[in-house]
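Participant:
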Amino acid sequence: AQKVTQAQTEISVVEKEDVTLDCVYETRDTTYYLFWYKQPPSGELVFLIRRNSFDEQNEISGRYSWNFQKSTSSFNFTITASQVVDSAVYFCALSEASTGANNLFFGTGTRLTVIP
Amino acid sequence: DSGVTQTPKHLITATGQRVTLRCSPRSGDLSVYWYQQSLDQGLQFLIQYYNGEERAKGNILERFSAQQFPDLHSELNLSSLELGDSALYFCASSANLARSTGELFFGEGSRLTVL
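Chains as they are written, first to last, in my numbering: chain S, 69 to 184; chain F, -15 to 99.
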């Protein structure tokens, strides 16, 4: 069965510090997709990134970067030079081709607080 | 703004009652998904509809039902409500399955409080 583990429940950093949010997943599918979503205090879920299981290339988008390692079943998310606006709950999610590429299984989330 | 509209934003009701949550997907999106976010269960997939037909079911209770109408909006019906049904209910939509990138666009959610 699929599973997504975000072991860090809460993280606090001081503004401008770098922070890495961990995500470990389990799946028996060979084709799967990994996602990160952000949930700011306003409550909506904002899509950040999607990764296919066959694409281990890391990605950088501005201050955000993602490290996908199949060998350790991890898909970690790093924010560099954190800002107060980054304060939110971040969810890692997994979907499997066999159960529907758009049916996401979410981790429990990591609450990030950036202190000014 | 994701383009997905959910109403109502907040709803307070009593145990045993029935409520209907409404969702309008992004223009052109054929798939609609319902998710429940509660403190004890986290974010859980409930059900998916594609172009009016049920496509996939997750952890949806028998007291809950959903449908997608010809104009593609969807409704989630929750009946015989219990205290534990209090949660934030999200609707999400995505493009045509054949062209889907797996990206879901979420609405702002409907917060249900059962007293």
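Glycine included, each C-beta is placed from N, C-alpha and C at the ideal position.
Taking beta-carbon pairs under 7 Å, can you tell me which members of the stretch 18 to 35 of chain F lie near chain S?
Facilitator: 26, 27, 29, 32
Participant: Whether or not the stretch 3 to 12 of chain F and the stretch 25 to 34 of chain F are in contact is what I'm after, with contact meaning three or more pairs of Cβ atoms, one per stretch, closer than 8 Å; do they touch?
Facilitator: By the Cβ rule, the stretch 25 to 34 of chain F does not count as touching the stretch 3 to 12 of chain F, because fewer than three pairs are nearer than 8 Å.
Participant: For residue 146 of chain S and residue 73 of chain S, which I take to be in contact (beta-carbon distance under 8 Å), what is that distance rounded to the nearest angstrom?
Facilitator: Walking along the first sequence from the start, residue 146 of chain S turns up at place 78. Walking along the first sequence from the start, residue 73 of chain S turns up at place 5. With 8 Å as the limit, residue 146 of chain S and residue 73 of chain S do not qualify as a contact, their Cβ atoms being about 18 Å apart.
Participant: Please work out which residues of its chain come closer than 7 Å, Cβ to Cβ, to residue 90 of chain F, disregarding the five sequence neighbours upstream and downstream, and give them in chain order.
Facilitator: One-based indexing of the second sequence puts residue 90 of chain F at position 106. These residues qualify, in order along the chain: -14, -12, 74, 76.
Participant: Counting C-beta neighbours from all protein chains within 10 Å, is the total for residue 159 of chain S 16 or more, i.e. buried, or is it exposed?
Facilitator: Here the question's residue 159 of chain S lines up with position 91 in the first sequence. Around the beta carbon of residue 159 of chain S, 16 or more other beta carbons sit within 10 angstroms, so the residue counts as buried.
Participant: Taking residue 48 of chain F as the reference, which of F/36, F/66, F/-2 has the closest Cα?
Facilitator: Mapped onto the second sequence, residue 48 of chain F falls at position 64. Comparing Cα positions, the closest option is F/66.
Participant: Going along chain F in order, which residues have a C-beta closer than 9 Å to the C-beta of residue 174 of chain S?
Facilitator: Taking the first sequence and counting its residues from 1, the one referred to as residue 174 of chain S is at position 106. Correct list: 19, 21, 26, 27, 28, 29.
Participant: Less than 8 Å between the beta carbons of residue 171 of chain S and residue 78 of chain F, yes or no?
Facilitator: Position 103 of the first sequence, counted from the first residue, corresponds to residue 171 of chain S. Position 94 of the second sequence, counted from the first residue, corresponds to residue 78 of chain F. Judged by their CB atoms, residue 171 of chain S and residue 78 of chain F are not nearer to each other than the 8 Å cut-off.
Participant: Check the Cβ of residue 164 of chain S against every Cβ in chain F and list those closer than 9 Å, keeping chain order.
Facilitator: On the first sequence, residue 164 of chain S is found 96 positions in, with the first residue counted as 1. The premise fails here: residue 164 of chain S is roughly 11 Å from chain F at the closest Cβ pair, so nothing lies under 9 Å.
Participant: Where do the ends of the beta strand (DSSP E) carrying residue 102 of chain S lie?
Facilitator: Position 34 of the first sequence, counted from the first residue, corresponds to residue 102 of chain S. Segment 100 to 107, the beta strand (DSSP E) holding residue 102 of chain S.
Participant: I think residue 180 of chain S touches residue 117 of chain S, with their Cβ atoms under 8 Å apart; what is that distance to the nearest whole Å?
Facilitator: Residue 180 of chain S sits at position 112 when you count from the first residue of the first sequence. Residue 117 of chain S sits at position 49 when you count from the first residue of the first sequence. Contact doesn't hold; Cβ gap of about 16 Å is too wide.
Participant: Just grab the DSSP bridge partners of residue 91 of chain S for me.
Facilitator: Position 23 of the first sequence, counted from the start, is the residue given in the question as residue 91 of chain S. Note: residue 91 of chain S sits in no beta bridge, so no partner.
Participant: Taking 8 Å as the CB-CB cut-off, is residue -2 of chain F touching chain S?
Facilitator: Here residue -2 of chain F refers to the residue found at position 14 when the second sequence is read from its first residue. No, because no Cβ of chain S sits closer than 8 Å to the Cβ of residue -2 of chain F.
Participant: Going by other Cβ atoms of all chains shown within 10 Å of its Cβ, with 16 needed for buried, is residue 182 of chain S buried or exposed?
Facilitator: Your numbering for residue 182 of chain S matches position 114 in the first sequence. With 16 or more other Cβ atoms within 10 Å, it is buried.
Participant: How many whole angstroms separate the CB atoms of residue 72 of chain F and residue 1 of chain F, which I take to be in contact at a CB cut-off of 8 Å?
Facilitator: Locating residue 72 of chain F in the second sequence gives position 88, counting from the first residue. Locating residue 1 of chain F in the second sequence gives position 17, counting from the first residue. In fact, because the Cβ distance is near 18 Å, the residues do not count as touching under 8 Å.
Participant: Can you name the residues that DSSP bridges to residue 26 of chain F?
Facilitator: Start at 1 with the first residue of the second sequence, and residue 26 of chain F comes out as number 42. DSSP output for residue 26 of chain F lists F/22 as bridge partner(s).
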